[in-house]
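Novice: The structure's right below; bear with me while I get my questions together.
2 protein chains.
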Amino acid sequence: MARAPQPGQRKPVTLFDVARAAGVSQSTASRVINGSQRVVNEELQQRVLSAATKLNYTANLSAQTVARGKSTTVALLVSDIADGYFSSMAAAVMRAAEAHGLRVTIAVTERNVEREIELVRELRGQHARAIILAGSGYLDAKLTQALVRELQMFEDTGGTVVLVSRSNLPFAQVDLDNLEGARRLAAALVRLGYQSFTVLGAERTLVATHDRVQGFRLGLEGHGIMLRDDQILYSNFSWEGGFDAIQAMDESALDATELIFAVNDEMALGAIAGLRERGMRVPDDVAIAGFDDIRSLRNIVPSLTTVRVPVDEVGRQAIARAVEDGGRADHKVVNATVVLRDSTPRRR
Amino acid sequence: MARAPQPGQRKPVTLFDVARAAGVSQSTASRVINGSQRVVNEELQQRVLSAATKLNYTANLSAQTVARGKSTTVALLVSDIADGYFSSMAAAVMRAAEAHGLRVTIAVTERNVEREIELVRELRGQHARAIILAGSGYLDAKLTQALVRELQMFEDTGGTVVLVSRSNLPFAQVDLDNLEGARRLAAALVRLGYQSFTVLGAERTLVATHDRVQGFRLGLEGHGIMLRDDQILYSNFSWEGGFDAIQAMDESALDATELIFAVNDEMALGAIAGLRERGMRVPDDVAIAGFDDIRSLRNIVPSLTTVRVPVDEVGRQAIARAVEDGGRADHKVVNATVVLRDSTPRRR
DNA sequence: CTGCCGGTGGAATAGGCTTTCCGAAAACCG
DNA sequence: CGGTTTTCGGAAAGCCTATTCCACCGGCAG
């Protein structure tokens, strides 16, 4: 395609141009600019560098990727980038990636496996260095199978897959200590005097939610309190999920509840909105606790008791797993810490 | 580099492989798979397609970019992806981009021009189709010059630059009607009975903040109320900015204020926190209004009066500007609408 | 003085894809 | 039915870089 030299649409300057301007071969220019193993004469180096500066050269990343057969881009897959948890995670991952000279492209799965599979497929085409899968996880076993297959194909072509807080699959993982965090939270709440609980869980296939529910239960049991199955309401891992769960709750069940534990903060916030809608006050009528400690909690009154997830650390670890291509199926657990605030005052 | 065929590290299947498997030439395979202008025989199409499926072929995006000299990636530059406004914007842009078959890569500028310049430079190397610059804007005229130069070089190589709600520079723009939105807000507040105001502005060079302050002033003047310069406090376009501004306020000035207008919601939320710290209640002691209508407002009590910015529309328009490469220096204004809520009750 | 070696620049090739250009076969037309 | 288009595969050139391979240099030991 003979791109007509449109007015003001110069052809980008290539490495070849730089080489010519410096009076050296392309290979030499390449060696100077990207710093390969080979040494080049000091003087030639200078010539090349100054030519590059003069011409305002920037390496063509795609061409480099093709030539090297390996890219410097890692992909971050999240359910919803507008969600505070994921956007903080994205920020953390990007920060960590930069320290390794990596670029990050973010893709949104909208909590849809098929879309996710499609994305992984595309990413394979893009030769992404790694795929970091944060959040989501699905009910349909067959689709999960398909996803795993796709992820495996991705790894077959040399990429690394990193799962963040997700169902147990045969890939490198960064996990939060969801179980322990929730267990400690439960213990702390019991110590504050709470005795009857309702848990707002999310999709059961999500390792995160499952572990949080389980941990909470264990924490209660440790103090001799049993959590009945009908005290666990399953909904979605989102604000709406929390809101809807509360809307759907029996009047009597609600009255019997002293404290609601939502498996993440977004759900907790949705639940609070739902409670408000039903004319109930937090914490006077019912106490509430969440999980994650997302940034926007600083705006909530009363302040919300939660379990802090060190997103920065998670991001850092995810990138670390992504680059050390050695450690296939490597596992790293990040601790979570209980933060007691005003939404769960001491009782009695 | 003779990549040793590591166990389980197959070489990716290429278009050539597909062509061979289908018994056609590479050109034909290419034509079938990417749908070029040229028509190919129905039967060959089938052969190619089924071969591609069988081999699990995915096009190598980098190679396509190199070959086409043009990519399908647009870059979104934001100050801080963890900020609710920007993450919603990002979500909107990505949604819109997808409809056009474009990929989005997000980069974070951390409100730092040098970094921004650096990023634009890199993006030129990546042959991004377009750069969407959202937020930020700077004090230093020299650096702004440098940025503009870099952006122009980017356009010289065939990319498009789209500015979202940003200082007036010679590029395509999507603007909010900040002035009119703020003007209407002011008018509405006066009608509710408010008479003495404090405005929390942000960096003056930001077109957004300047227009919002200006619009608010005009709205007040329309009702015969003057806004004195000492009633405008300049700070940063962030939660901390709002918080700090309130912390730094004179006791007397604060007492004399009936309503605080922060030029964006994050600042307003920071201001509320600051007020709480100083023992003042909203709206009993002082009313407050923001701008943007970010998602997390749904969790705030009392609900916050604000001006809604239709982020989806903005994202859509930004992408529209990005693809129609014709309209250089094209300008689109998106309306903003006043949303009155509980943080500004009718007065007296 | 000769043969060999480490070092360094350049030519050539690889990498995966798109697109132009050719040529042959098919379709059309008088 | 001959000549002219049109249609549609395939070969080959090109996009930009990285890297291999080759050639040539001076140095060094024998």
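As given, the protein sequences belong to chains A and B, one line each in that order.
Sequence positions in the first sequence follow this note's numbering and run 2 to 349.
Sequence positions in the second sequence follow this note's numbering and run 2 to 349.
The beta carbon of each residue, even a glycine, is placed where N, CA and C say it ideally should be.
1. List, in order along the chain, the chain B residues whose C-beta lies closer than 7 Å to that of residue 126 (chain A)?
2. Would you grab the beta carbon distance between residue 271 (chain B) and residue 291 (chain B) for me? Rounded to a whole angstrom, and I think it's under 8 Å.
3. Check distances from the C-beta atoms of the segment 205-235 of chain B to those of chain A and list, in chain order, the residues that come in under 9 Å.
4. Name the DSSP beta bridge partners of residue 83 (chain B), please?
5. Do residue 214 (chain A) and residue 264 (chain A) count as a contact pair if the criterion is CB distance below 8 Å?
6. Would you mind giving the Cβ-Cβ distance between residue 374 (chain A) and residue 90 (chain A), rounded to the nearest angstrom? I have them listed as a contact below 8 Å.
7. Using 8 Å as the limit for Cβ to Cβ distance, is residue 50 (chain B) near chain A?
8. Can you give me the C-alpha to C-alpha distance between residue 43 (chain B) and residue 18 (chain B), rounded to a whole angstrom?
9. So with CB distances below 8 Å, who are the chain B contacts of residue 67 (chain A)?
10. Return the CA-CA distance between residue 323 (chain A) and residue 339 (chain B), expressed in angstroms with no decimal places.
11. Would you mind telling me which residues of chain A sit closer than 7 Å to residue 270 (chain B), beta carbon to beta carbon, in chain order?
12. Can you pull the chain B residues whose beta carbon is under 8 Å from the beta carbon of residue 40 (chain A), in chain order?
13. Just to confirm the assignment, what range does the beta strand (DSSP E) spanning residue 173 (chain A) have?
14. Run through chain A and tell me which residues come within less than 8 Å of residue 274 (chain B), C-beta to C-beta.
15. Could you check what DSSP says for residue 287 (chain A) in three-state terms: helix, strand or coil?
16. Flag residue 5 (chain A) as yes if its beta-carbon sits less than 8 Å from any beta-carbon of chain B, otherwise no.
17. Are three or more beta carbon pairs between the segment 148-157 of chain B and the segment 190-199 of chain B nearer than 8 Å?
18. When the Cα of residue 201 (chain B) is compared with those of B:168, B:219, B:60 and B:240, which residue comes out closest?
19. Can you check which of these residues, B:225, B:61, B:22 and B:79, is closest to residue 55 (chain B) by C-alpha distance?
20. Which of helix, strand or coil does DSSP assign to residue 332 (chain B)?
21. Taking one C-beta from the segment 224-240 of chain B and one from the segment 275-283 of chain B each time, how about it: are there three or more such pairs within less than 8 Å?
22. Measuring straight from C-alpha to C-alpha, what distance separates residue 111 (chain A) and residue 135 (chain A)?
23. Closest to residue 150 (chain A) by CA distance: which of A:172, A:267 and A:13 is it?
24. For a contact meaning CB atoms closer than 7 Å, what does residue 83 (chain B) contact in chain A?
25. Looking at chain A, is there any beta carbon in it that lies within less than 8 Å of the beta carbon of residue 107 (chain B)?
26. Given that residue 154 (chain B) touches chain A, what residues does it touch there, using C-beta distances under 8 Å?
27. Quick check on residue 17 (chain B): does DSSP put it in helix, strand or coil?
28. Let me know the secondary structure DSSP gives residue 163 (chain B) once reduced to three states.
29. Counting along the chain, where does the alpha helix (DSSP H) carrying residue 54 (chain A) start and finish?
30. Bridge partners of residue 107 (chain B), per DSSP?
31. Since residue 74 (chain A) and residue 123 (chain B) are thought to touch, with beta carbons under 8 Å apart, how far apart are those beta carbons, to the nearest angstrom?
32. Against residue 95 (chain B), what residues of chain A qualify as contacts under a CB-to-CB distance less than 9 Å, listed in chain order?
33. Which bits of chain B does residue 311 (chain A) rub up against, with CB to CB less than 7 Å?
34. Taking Cβ positions only, does residue 1 (chain A) come closer than 8 Å to chain B?
35. At a CB-CB cut-off below 8 Å, which residues of chain B make contact with residue 122 (chain A)?
36. Taking DSSP as the reference, what is the three-state secondary structure of residue 349 (chain A)?
Specialist: With the given structure in hand:
1. Start at 1 with the first residue of the first sequence, and residue 126 (chain A) comes out as number 125. 59, 60, 61 and 62, listed in chain order.
2. Along the second sequence, read from residue 1 onward, the residue named residue 271 (chain B) stands at position 270. Along the second sequence, read from residue 1 onward, the residue named residue 291 (chain B) stands at position 290. 10 Å between Cβ atoms; not a contact.
3. none
4. Locating residue 83 (chain B) in the second sequence gives position 82, counting from the first residue. BP columns for residue 83 (chain B) are empty, so no partner.
5. Start at 1 with the first residue of the first sequence, and residue 264 (chain A) comes out as number 263. Start at 1 with the first residue of the first sequence, and residue 214 (chain A) comes out as number 213. Their beta carbons are under 8 Å apart, which means residue 264 (chain A) touches residue 214 (chain A) by this criterion.
6. Coverage of chain A is limited to positions 2 through 349, which leaves residue 374 (chain A) absent and any answer about it impossible.
7. For this step, residue 50 (chain B) is matched to residue 49 along the second sequence. The beta carbon of residue 50 (chain B) does not come within 8 Å of any beta carbon belonging to chain A, so the residue lies off that interface.
8. Taking the second sequence and counting its residues from 1, the one referred to as residue 43 (chain B) is at position 42. Taking the second sequence and counting its residues from 1, the one referred to as residue 18 (chain B) is at position 17. Approximately 20 Å between the Cα atoms of the pair.
9. If you number the first sequence from 1, residue 67 (chain A) lands on position 66. Within chain B, the residues 61, 63, 64 and 67 have their CB atoms less than 8 Å from the CB of residue 67 (chain A), given in chain order.
10. Against the first sequence, residue 323 (chain A) aligns to sequence position 322. Against the second sequence, residue 339 (chain B) aligns to sequence position 338. Spanning the two alpha carbons is a distance of roughly 46 Å.
11. In the second sequence, the residue the question calls residue 270 (chain B) occupies position 269. Per Cβ cutoff of 7 Å: 300.
12. Taking the first sequence and counting its residues from 1, the one referred to as residue 40 (chain A) is at position 39. Those within 8 Å of residue 40 (chain A) in chain B number zero; the least Cβ separation is about 19 Å.
13. Residue mapping note: residue 173 (chain A) aligns to position 172 of the first sequence, counting from 1. Looking at the DSSP string, the run of the beta strand (DSSP E) that includes residue 173 (chain A) is 173-177.
14. Position 273 of the second sequence, counting from 1, holds the residue named residue 274 (chain B). Going along chain A in sequence order, the residues near residue 274 (chain B) (Cβ under 8 Å) are 299 and 300.
15. Within the first sequence, residue 287 (chain A) is the residue found at index 286, counting from 1. Residue 287 (chain A) falls in the coil class under three-state DSSP.
16. Residue mapping note: residue 5 (chain A) aligns to position 4 of the first sequence, counting from 1. Low confidence applies to residue 5 (chain A): its pLDDT is 38, below 50, so where it sits in the model is not reliable, and the reading given next is rough at best. It does not; no Cβ of chain B falls within 8 Å.
17. no
18. Residue numbering aside, residue 201 (chain B) sits at position 200 when the second sequence is read from its first letter. If we check each option's Cα against that of residue 201 (chain B), B:240 comes out closest.
19. In the second sequence, residue 55 (chain B) corresponds to position 54, counting from 1. Out of B:225, B:61, B:22 and B:79, B:22 has the C-alpha closest to the C-alpha of residue 55 (chain B).
20. Here residue 332 (chain B) refers to the residue found at position 331 when the second sequence is read from its first residue. In this structure, residue 332 (chain B) counts as strand in the three-state DSSP scheme.
21. no
22. For this step, residue 111 (chain A) is matched to residue 110 along the first sequence. For this step, residue 135 (chain A) is matched to residue 134 along the first sequence. So the alpha carbons of these two residues sit roughly 12 Å apart.
23. Mapped onto the first sequence, residue 150 (chain A) falls at position 149. Among A:172, A:267 and A:13, the Cα nearest to that of residue 150 (chain A) is on A:172.
24. Counted from its first residue, the second sequence places residue 83 (chain B) at position 82. In chain order: 88, 89, 92 and 296.
25. The count along the second sequence starts at 1 and reaches residue 107 (chain B) at position 106. Cβ-Cβ to chain A under 8 Å: yes for residue 107 (chain B).
26. Position 153 of the second sequence, counted from the first residue, corresponds to residue 154 (chain B). Simply 57.
27. Here residue 17 (chain B) is taken as the residue at index 16 of the second sequence, counted from 1. Of the three classes helix, strand and coil, the one that applies to residue 17 (chain B) here is helix, per DSSP.
28. Position 162 of the second sequence holds residue 163 (chain B). Three-state result, residue 163 (chain B): strand.
29. As a first step, residue 54 (chain A) must be located in the first sequence, where it is residue number 53. First-last of the alpha helix (DSSP H) with residue 54 (chain A): 43-56.
30. Indexing the second sequence from 1 puts residue 107 (chain B) at position 106. Answer is B:77, bridged to residue 107 (chain B).
31. For this step, residue 74 (chain A) is matched to residue 73 along the first sequence. For this step, residue 123 (chain B) is matched to residue 122 along the second sequence. In this structure, residue 74 (chain A) and residue 123 (chain B) do not form a Cβ contact; the two beta carbons are roughly 12 Å apart against a cut-off of 8 Å.
32. Sequence index remark: in the second sequence, residue 95 (chain B) carries index 94 (1-based). Proximity of chain A to residue 95 (chain B) at the Cβ level (cut-off 9 Å) is accounted for by 82, 107, 108 and 109, in chain order.
33. Position 310 of the first sequence, counting from 1, holds the residue named residue 311 (chain A). Correct list: empty, because the minimum Cβ distance to chain B is about 14 Å.
34. For chain A, the structure presents residues 2 to 349; residue 1 (chain A) sits outside this window and is missing.
35. Translated into the one-based positions of the first sequence, residue 122 (chain A) becomes position 121. Those within 8 Å of residue 122 (chain A) in chain B are 59.
36. Taking the first sequence and counting its residues from 1, the one referred to as residue 349 (chain A) is at position 348. Three-state result, residue 349 (chain A): coil.
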